[in-house]
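What follows is a single structure, written as structure tokens, with notes after it.
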Amino acid sequence: MDIQTRIHQKFTEKFGGRGSVFASAGRINLIGEHTDYNGGYVFPGAIDKGIVTEIRLNGTERVNLYSADYDACVSFGLEEPDKPAEAWACYVFGVCRETIKRGGKVAGFDAVFAGDVPLGAGLSSSAALESCFAFAINELNHNGIDRFELARIGQSTEHNYCGVKCGIMDQFASCFGKAGCLIRLNCKTLEHKYFPFDPSAHGYRLVLVDSCVKHELASSAYNKRRLSCENAIAAIRKNHPEAGTLSDCKRLWLEEVRGEIPEEDFLRAEYVIGEVQRVLDVCDALERDDFETAGEMMYQTHFGLSKLYEVSCEELDFLNKLARRMDVTGSRVMGGGFGGCTINLVREELYQPFVDAAKSRFEAKFGHAPKIYDVVISDGARQIA
Ligand code: GLA
Numbered sequence: 001m002d003i004q005t006r007i008h009q010k011f012t013e014k015f016g017g018r019g020s021v022f023a024s025a026g027r028i029n030l031i032g033e034h035t036d037y038n039g040g041y042v043f044p045g046a047i048d049k050g051i052v053t054e055i056r057l058n059g060t061e062r063v064n065l066y067s068a069d070y071d072a073c074v075s076f077g078l079e080e081p082d083k084p085a086e087a088w089a090c091y092v093f094g095v096c097r098e099t100i101k102r103g104g105k106v107a108g109f110d111a112v113f114a115g116d117v118p119l120g121a122g123l124s125s126s127a128a129l130e131s132c133f134a135f136a137i138n139e140l141n142h143n144g145i146d147r148f149e150l151a152r153i154g155q156s157t158e159h160n161y162c163g164v165k166c167g168i169m170d171q172f173a174s175c176f177g178k179a180g181c182l183i184r185l186n187c188k189t190l191e192h193k194y195f196p197f198d199p200s201a202h203g204y205r206l207v208l209v210d211s212c213v214k215h216e217l218a219s220s221a222y223n224k225r226r227l228s229c230e231n232a233i234a235a236i237r238k239n240h241p242e243a244g245t246l247s248d249c250k251r252l253w254l255e256e257v258r259g260e261i262p263e264e265d266f267l268r269a270e271y272v273i274g275e276v277q278r279v280l281d282v283c284d285a286l287e288r289d290d291f292e293t294a295g296e297m298m299y300q301t302h303f304g305l306s307k308l309y310e311v312s313c314e315e316l317d318f319l320n321k322l323a324r325r326m327d328v329t330g331s332r333v334m335g336g337g338f339g340g341c342t343i344n345l346v347r348e349e350l351y352q353p354f355v356d357a358a359k360s361r362f363e364a365k366f367g368h369a370p371k372i373y374d375v376v377i378s379d380g381a382r383q384i385a
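Under this note's numbering, read the sequence shown as residues 1 to 385, first letter to last.
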């Protein structure tokens with residue numbers, strides 16, 4: 001049964017009748033990791049896995065939410081200051097509060113939702129949930145908030161209700177995703193450009209290999225990375241007041257402050273400065289249909305994320321090395337890190353041998369099989385019924 005049918009059955013059972021249906025998407029990111037909160041470029045796309053909700057205003061001041069995946073109900077008042085105890089409900093609570101903060105109206109509603117974004121895989125199931133509700137609430141209340149601000153509503157939800165000081169990439173991809181296109185986004189100006197991306201037309205495939213590990217404390221480690229970057233830029237700004245974010249900095253400027261900041265902060269910043277340039281290089285390469293160069297950049301990103309930014313882990317390094325040994329075009333850890341997936345750009349003829357080897361060798365070493373996802377670049381937040 002597809003998600004829409006499943007949630008409609010539940011909606012009828014819990015609330016009766018029919019509501020409007022909205023959907024939104026998780027995301028991949030080809031390159032440009034941990035650059036968003038440093039004002040740099042990212043290169044994500046929305047995927048064919050997301051969140052769907054059936055929702056209807058209920059004429060009260062309360063929100064009644066049913067998660068079909070958890071088979072659980074949460075109800076909260078729109079005037080209540082305290083967030084719900086259930087982590088999944090906090091995302092929706094946060095979106096309501098952040099909409100109100102921006103002068104939007106939020107009338108009480110009943111909603112059932114479900115999703116198929118694997119949790120903890122680095123595919124931004126939380127951004128999918130936030131943008132789905134930000135979009136739905138905006139439509140149902142005729143608030144007329146634009147998609148840029150809807151993305152920011154999701155990001156502020158993470159900051160203020162979920163404890164993750166994330167950048168804008170995930171929510172942006174989820175709100176602006178377009179089928180068949182990756183989005184090169186300048187996270188400082190939010191200027192963005194769609195790049196048609198069809199690896200299969202050139203004999204390549206994108207495949208995600210999910211290590212199915214999620215390391216503890218990922219969000220505090222994430223926030224710590226962000227602080228390191230802030231330390232580095234603060235030091236650089238003393239010499240170069242014109243540097244707004246790390247993405248404005250020349251490598252030389254960072255060298256100048258090497259002795260003044262902890263070595264760890266230096267390495268984090270070194271990674272970020274290199275990564276911002278790699279996004280531009282990959283976009284140039286793809287405009288020439290040069291997938292091999294793009295792939296090589298992905299390996300460089302993995303090296304940086306593993307050795308300088310230190311957000312990889314044994315399982316992901318193993319998958320990356322395996323890809324390299326098998327001559328896979330590009331491979332790297334994707335998303336925030338500390339577990340989740342590698343994203344791999346694989347020549348068609350190598351797809352099956354690589355997937356088979358990744359499954360069997362990973363399982364032999366770590367005792368559980370990884371999951372394989374083929375992704376289709378799809379539309380982001382939208383109303384579907
Ligand atoms: C998470 C965050 C994003 C971004 C990535 C790393 O997905 O939500 O904002 O920082 O990590 O690129």
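Backbone N, C-alpha and C define an ideal beta-carbon position, used for all residues, glycine too.
Query: Residues proximal to ligand 1 by C-beta, any heavy atom closer than 5 Å; Result: E33, H34, D36, C166, G167, M169, D170, G335, G336
Query: Whole-number beta carbon distance between A385 and V21, since they are thought to touch under 8 Å; Result: 4 Å
Query: Identified DSSP bridge partners for L252; Result: DSSP output for L252 lists no bridge partner at all.
Query: Supposed contact pair A134 and G154 - C-beta distance, whole angstroms, cut 8 Å; Result: 6 Å
Query: Environment of V376 [buried if 16+ CB atoms lie within 10 Å]; Result: exposed
Query: Proximity to E33 [Cα-Cα], best of A201, Q352, E275, H159; Result: E275
Query: Beta-carbon proximity list for R147, same chain, < 7 Å, skipping 5 on both sides; Result: C175, F176
Query: Nearest-angstrom beta carbon gap, L319 and V311 [assumed within contact, 8 Å]; Result: Going by Cβ atoms, the distance from V311 to L319 rounds to 15 Å, so no, they are not a contact pair.
Query: Cβ-Cβ distance between K83 and F93 below 7 Å; Result: yes
Query: Bridge partners - T53, DSSP secondary structure assignment; Result: F22, F113
Query: Rounded distance between the beta-carbons of I233 and L252, thought under 8 Å; Result: 15 Å between Cβ atoms; not a contact.
Query: Stretch-stretch touch, CB-based, cutoff 8 Å, three pairs: the segment 363-375 with the segment 162-173; Result: no
Query: Under the three-state DSSP convention, the category C187 falls into; Result: coil
Query: Alpha helix (DSSP H) segment containing I377, residue limits; Result: No alpha helix (DSSP H) contains I377, which DSSP labels as neither H nor E.
Query: Collapsed DSSP secondary structure at L208 in the structure displayed; Result: strand
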